[in-house]
Each structure stands twice: as C-alpha cells, then as structure tokens.
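Chemist: Pasting in a structure now, in structure tokens, and then I'll have a few things to ask.
Residue numbers (UniProt numbering): 1 to 398.
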C-alpha cells in the first residue's frame, strides 16, 4: 500500500544507528516486496528478528481440494460450519477450506479463542469480518476489527487474532499466493488513490503505535511454500517477535470497512468491475453494497445472464437481501460458486420483480478467479446439493 505511515521511534535517516536508552543498538529490519523493487517498511527491533531456538513441522487442517466435476454451480451454507464449541476454536487453526486453486484459497471460521502467533509466508491475506469483533495484534501494532471490516495482512506479517465479543467472530478468509492491493486503475502513477476511486486513504486504518511485548521461547506458526504446495513450520523465538519500538514505510496491515465503499451506479446495470475493491494475481475482490440502482425508465436492475468464460465467480452473501437470488435458497452466510463454462444470472422471477426498483439493500463480497476453483473439505461439508437445479425448478430424474 503506497501510503506512507510512521509509528513509534525511528532514526532521522534510514540505515543509520538507532540506539536504546541504555546505549545499545536497535536491530533494523527491512520488510519489502518483490526483491527490493516495491513497497517496504523498516522496523526497529529490540531483539534479533532472525534468531530462532527450535523448529518443527506444523501439521495444519486439510487443504486438499477436489475438482468441480461434473461442472456445477454450487451453494455453500457457511453457518453450518459453526462448531458447538466455537469458544474453543481459534481464527487461524480453525479455518475450514471452502474453495481454492494455485492463486487463492477461500476459508471460513467462527471462533472465540485467541489464536497462536501466525505468519503467512505464502501470500497476503484479506479477511472479511462477517460479524463479531476482534483485536488483531501484529508486529506493526494493533488493529481493531469489527463487522464489515476487510483486514489486509501483508505476506509474512506476524500476528494473532483475539476475539473480543460475546458471540463468535465470523471470518471469511481470502488467502493469496501473491500480494493484494487496490486496483491499478484507481491509482495515480505515484500510488495515490484517484478521485474516481470508490474509497480513499482516509478510509484505510493502520496501526497507530507499536505494540511492544516481552517473552521468551515464543512460538510462531508459519505457513509457507513447499515443493508439493503449502506446508507449515512451527518456530520458537528466544524473545517475543512483538519487540518493534518503531517503524515507517508503505507496507503494513490495515483495515477498510465496507461501509466506506462508495458505490458506482448508472442509468443501466453496472458490471462487476464497477464494484471492485482489491486485486491479486489471478483474482479480484469486489463488494456489492446497499445502493440506488439503475434509473433509465426501462432499466432491469438485477444482473443479466452471463457466461464467465474466463473466470469462476464466488459470491459471499453477508447482509441484506440479495434480490437476484431470491428463491434459490441463498441467504446470509451463503456462498455461491458459478464456474467458468456455466451461464448464470438471476432467478427467473427476480427479473420481473426488480422492475421499478430504486434501491437494493444487499451486501456481498465477490471473488472472481481466472483459474478454475476446486472444492475444499469445508465446502463439501456445507454444500446444498439442490442448488444447481434451482433455475429449472427440477433436477435429475424428476
């Protein structure tokens, strides 16, 4: 994120001595992307960020996927994945994989337990908070996560989730194999969000001050790349990783609330790119928010039927009433997968019902991928098997 921030104590000039009150040196760490060629930040540690005293294999939950064959549109009911003992589930190790490919993995968790310290070294994470609240402690400082927040965590940011409310914090987790950033068309050539962008820098909330904690033999779970895909390692550090007294730069975690997204509308139906909020390699993230709809006198406010010839479309319905899907079984907490090669669109009755509408009260997060998605263990566990036949009103053998 090319928007400069500074927190805590840093020296006047980079790569120069920065001393502790007792005269020792803080250890400077550069955290940067694309081999010193993109956004970065400098962090000043009391300890040695490279020092580890133990390492072992971390075996995490099942990440295997199954090909979408035969090719079907699918409906996943995510709230069925809520465990009865959700208070003992943590927001990292409790994730259930819904869908995935080589570029992106989408998971869901309803949790009430504080997570271990965690670092995703595969790619950036964009976590949407469906409901509940949490504190996200990071090596940069603390974020507060509330309903409707996107929490964007750059690759290799050490952090942990601390649920803070009486109800589970429900997280829709989008894990990239790349970086996640605002679409380039929203940015100036120097990285400023432009006037036509549906949000601006004021809407992005990063840590205000460092979080300095002490500890010894501190465990961190690291998800990283392996020769056969995503693997895990459990590190033990001699001192606490949250020993940063100051940092500055353009790379850091931040939150963005969906309520601060300003929808782009028109006389006739606007295509999904008008709703885009973030992009990663091989996928985009869009959100559909409450908004006035088309004002041409003959407009049809719900989407037209469309064939995703280049992408799979994943829609997470997280608020309001998604007008185009009424009658299909879709409700809050639902995810629909409409794969490339399958023409999809509104339920037939929704077209007539939408005529004359002036406002849609709906909230949804969409991920479009440019490689086919496969179904994970969590997706299989909560699938509605009747969904594919809802446009026709009958299924095989009927």
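C-beta: ideal position from N, C-alpha, C; glycine also.
What is the rounded straight-line gap between the Cα of residue 51 and the Cα of residue 26?
Modeler: The residue you call residue 51 lines up with position 51 of the chain shown. The residue you call residue 26 lines up with position 26 of the chain shown. Taken atom to atom, the span from the alpha-carbon of residue 51 to that of residue 26 is near 14 Å.
Chemist: Could you tell me if residue 214 is buried or exposed, where buried requires 16 or more neighbouring beta carbons within 10 angstroms of its beta carbon?
Modeler: Locating residue 214 in the chain shown gives position 214, where the first residue counts as 1. When all chains shown are included, residue 214 counts as exposed.
Chemist: Quick one: is residue 223 buried, meaning 16 or more other Cβ sit within 10 Å of its Cβ, or exposed?
Modeler: The sequence position of residue 223 within the chain shown is 223, counting from 1. So residue 223 counts as buried.
Chemist: Residue range of the beta strand (DSSP E) that residue 174 falls in?
Modeler: What you label residue 174 is simply residue 174 of the chain shown in a count that begins at 1. Taken as a continuous stretch (DSSP letters only), the beta strand (DSSP E) holding residue 174 covers 169–176.
Chemist: Please return the same chain residues whose Cβ sits closer than 6 Å to the Cβ of residue 124, not counting the five positions on each side in sequence.
Modeler: Here residue 124 corresponds to residue number 124 of the chain shown, with the count starting at 1. Here the set comprises 154, 155, 176, 179 and 180.
Chemist: Going along the chain, which residues of its own chain have a beta-carbon closer than 6 Å to the beta-carbon of residue 356, five neighbours each way excluded?
Modeler: Residue mapping note: residue 356 aligns to position 356 of the chain shown, counting from 1. So no residue of the chain qualifies.
Chemist: What is the rounded straight-line gap between the Cα of residue 258 and the Cα of residue 149?
Modeler: Here residue 258 is taken as the residue at index 258 of the chain shown, counted from 1. Here residue 149 is taken as the residue at index 149 of the chain shown, counted from 1. Their backbone Cα atoms lie some 6 Å apart in a straight line.
Chemist: CB residue 368 to CB residue 271, shorter than 8 Å?
Modeler: What you label residue 368 is simply residue 368 of the chain shown in a count that begins at 1. What you label residue 271 is simply residue 271 of the chain shown in a count that begins at 1. No, the Cβ-Cβ distance between residue 368 and residue 271 is not below 8 Å.
Chemist: What would DSSP say about residue 231, mapped onto helix, strand or coil?
Modeler: Mapped onto the chain shown, residue 231 falls at position 231. Looking at residue 231 - three-state DSSP - the assignment turns out to be strand.
Chemist: Going by CA-CA distance only, name the one from 167, 313 and 164 that's closest to residue 402.
Modeler: Residue 402 falls outside the range modelled here, since the chain spans only 1 to 398, and no answer is possible.
Chemist: Considering only the beta carbon of each residue, do residue 233 and residue 160 sit closer than 8 Å?
Modeler: Along the chain shown, read from residue 1 onward, the residue named residue 233 stands at position 233. Along the chain shown, read from residue 1 onward, the residue named residue 160 stands at position 160. Cβ atoms of residue 233 and residue 160: not closer than 8 Å.
Chemist: Under 8 Å between the Cβ atoms of residue 211 and residue 190?
Modeler: Residue 211 sits at position 211 when you count from the first residue of the chain shown. Residue 190 sits at position 190 when you count from the first residue of the chain shown. No, the Cβ-Cβ distance between residue 211 and residue 190 is not below 8 Å.
Chemist: Taking the straight line between their C-alpha atoms, what separation do you get for residue 218 and residue 140?
Modeler: Along the chain shown, read from residue 1 onward, the residue named residue 218 stands at position 218. Along the chain shown, read from residue 1 onward, the residue named residue 140 stands at position 140. Answer to the nearest angstrom: the Cα atoms are 17 Å apart.
Chemist: Looking only at C-alpha atoms, which of 46, 14 and 162 sits nearest to residue 239?
Modeler: As a position in the chain shown, residue 239 is number 239, starting the count at 1. Closest option to residue 239, Cα to Cα, is 46.
Chemist: Spell out the partners DSSP gives residue 55 in its beta bridges.
Modeler: Along the chain shown, read from residue 1 onward, the residue named residue 55 stands at position 55. According to DSSP, which records beta bridges pairwise, residue 55 is partnered with 235.
Chemist: Under three-state DSSP, which class holds residue 258?
Modeler: For this step, residue 258 is matched to residue 258 along the chain shown. Residue 258 falls in the helix class under three-state DSSP.
Chemist: Tell me whether residue 381 sits in a helix, a strand or coil according to DSSP, three-state version.
Modeler: Counting from 1 along the chain shown, the entry for residue 381 is found at position 381. Looking at residue 381 - three-state DSSP - the assignment turns out to be helix.
Chemist: Mapping DSSP to helix, strand and coil, what is residue 248?
Modeler: In the chain shown, the residue the question calls residue 248 occupies position 248. Strand.
Chemist: Report buried or exposed for residue 17, applying the criterion of at least 16 other Cβ atoms within 10 angstroms of its Cβ.
Modeler: If you number the chain shown from 1, residue 17 lands on position 17. Residue 17 should be labelled exposed.
Chemist: Under 8 Å between the Cβ atoms of residue 249 and residue 42?
Modeler: Position 249 of the chain shown holds residue 249. Position 42 of the chain shown holds residue 42. Taking 8 Å as the cut-off, the Cβ atoms of residue 249 and residue 42 count as close.
Chemist: Classify residue 163 as helix, strand or coil using the three-state DSSP reduction.
Modeler: As a working mapping, residue 163 is identified with position 163 in the chain shown. Of the three classes helix, strand and coil, the one that applies to residue 163 here is strand, per DSSP.
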